[in-house]
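Just below is one structure, and these are the notes that go with it.
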Amino acid sequence: MTRRVLSAIVIVAALVIVGFGVPLGAAVQDLYREEALAELVREAARAGTSVPSTDPSDPIELRHPAHGVDLAVYGPDGRRLTGTGPAHGGDEVTVAATGRIAEHEGDPFVVATPISSAEQVVAVVRAELPASTVANRVHRAWLLMSALAAGLLVVAVIVGRALSTRISKPVAELASASARLGHGDFTVRPASSGIAELDAAADNLALTAERLGRLVERERAFSADVSHQLRTPLTGLRLHLETALANPTADPRPAMDIALGEVDRLEGTIDDLLALAR
Numbered sequence: 090m091t092r093r094v095l096s097a098i099v100i101v102a103a104l105v106i107v108g109f110g111v112p113l114g115a116a117v118q119d120l121y122r123e124e125a126l127a128e129l130v131r132e133a134a135r136a137g138t139s140v141p142s143t144d145p146s147d148p149i150e151l152r153h154p155a156h157g158v159d160l161a162v163y164g165p166d167g168r169r170l171t172g173t174g175p176a177h178g179g180d181e182v183t184v185a186a187t188g189r190i191a192e193h194e195g196d197p198f199v200v201a202t203p204i205s206s207a208e209q210v211v212a213v214v215r216a217e218l219p220a221s222t223v224a225n226r227v228h229r230a231w232l233l234m235s236a237l238a239a240g241l242l243v244v245a246v247i248v249g250r251a252l253s254t255r256i257s258k259p260v261a262e263l264a265s266a267s268a269r270l271g272h273g274d275f276t277v278r279p280a281s282s283g284i285a286e287l288d289a290a291a292d293n294l295a296l297t298a299e300r301l302g303r304l305v306e307r308e309r310a311f312s313a314d315v316s317h318q319l320r321t322p323l324t325g326l327r328l329h330l331e332t333a334l335a336n337p338t339a340d341p342r343p344a345m346d347i348a349l350g351e352v353d354r355l356e357g358t359i360d361d362l363l364a365l366a367r
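Written out as structure tokens, the structure reads:
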């Protein structure tokens, strides 16, 4: 029983962990992807403060970006002016040249922000982050979640073993007490387990044992009384019959009358015992 209870607890715990872990893992992946885009937006905004809005063709010194992020400045025509990135900015730079922030979630993650002067886009800052960097962050989070899930499963095993032992031990004691009761031990008193249902069963078993013990004692007392009540008239009947047989010449009627009296007495005793038994 201990193994079955433990298995049930561990299976339920595993199902709960999987049920929460899979959606949580997907949510963590989405969170890191959104965080990557937000990081690129911040890096592009910081870099934009280094680009002169009057003449972006002047020498530009970009700030050192976060680890793994590549920054580049492009002209409105899509050509790279400075920084690290493709020679032509691509679709994101083209969209940003119209005055909108462009984002691309793929490989790589790209954010392009426009730099305007007099309501005209004079340059575009492009920030790029390899998808492998985001994937590594997601995988580290998943690994941490897996370790946490394994720890929770170990805790579930420990707690399940303690609970299964607590449940199975009083059940085993009840089974042992029932077996002893079946073999005639009417003094069984299972110990309290602290579990209301099992304690109620133990109390009922003890009460049953006590009642059976009283019934058996009454039966034994009744049997002893029956033996005594029947043996006396039978002994008297035997004596009178043996006396009559010892004197074959004597008149047998007195002996027969006495024998009939003993029979009547015996019948009365039997009736009384039957009434008592009821």
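The letter at position 233 of the sequence shown is residue 322 when you use the numbering used here, and the numbering goes up by one with no holes. No residue lacks a Cβ here, since even glycine has one placed at the ideal position from N, Cα and C.
In the three-state reduction of the DSSP assignment, Leu-151 falls in the coil class, being assigned neither a helical nor a strand state. A distance of 7 Å or more separates the beta carbons of Ser-253 and Leu-126. Contact annotation: Ile-190 and Val-140 have beta-carbon atoms that are not nearer than 7 Å. Per DSSP, the beta bridge partners of Gly-172 are Ala-161. In the three-state DSSP reduction, Phe-198 falls in the strand class (E or B).
Ranked by Cα distance from Ile-106, the first of Thr-358, Arg-307 and Leu-242 is Leu-242.
Gly-188 is positioned such that its CB atom lies closer than 7 Å to that of Val-210. Per DSSP, Glu-262 is one residue of the alpha helix (DSSP H) stretching across 220 to 271. Taking the CA atoms as reference points, Ala-216 sits about 50 Å from Ile-98. Rounded to the nearest angstrom, the gap between the Cα atoms of His-193 and Arg-122 is 11 Å. In the DSSP assignment, the residues bridged to His-177 are Arg-168. Counting every other CB atom within 10 Å of its CB across the protein chains shown gives Phe-109 a total below 16, marking it as exposed. Distance from Ala-212 to Gly-164 at the Cβ level is roughly 6 Å; contact confirmed, criterion being Cβ atoms closer than 8 Å.
Inclusion of Gly-167 and Val-182 in the CB contact set at 7 Å is warranted, their separation being smaller than that value. Counting along the chain, Glu-192 sits inside the beta strand (DSSP E) bounded by residues 191 to 193.
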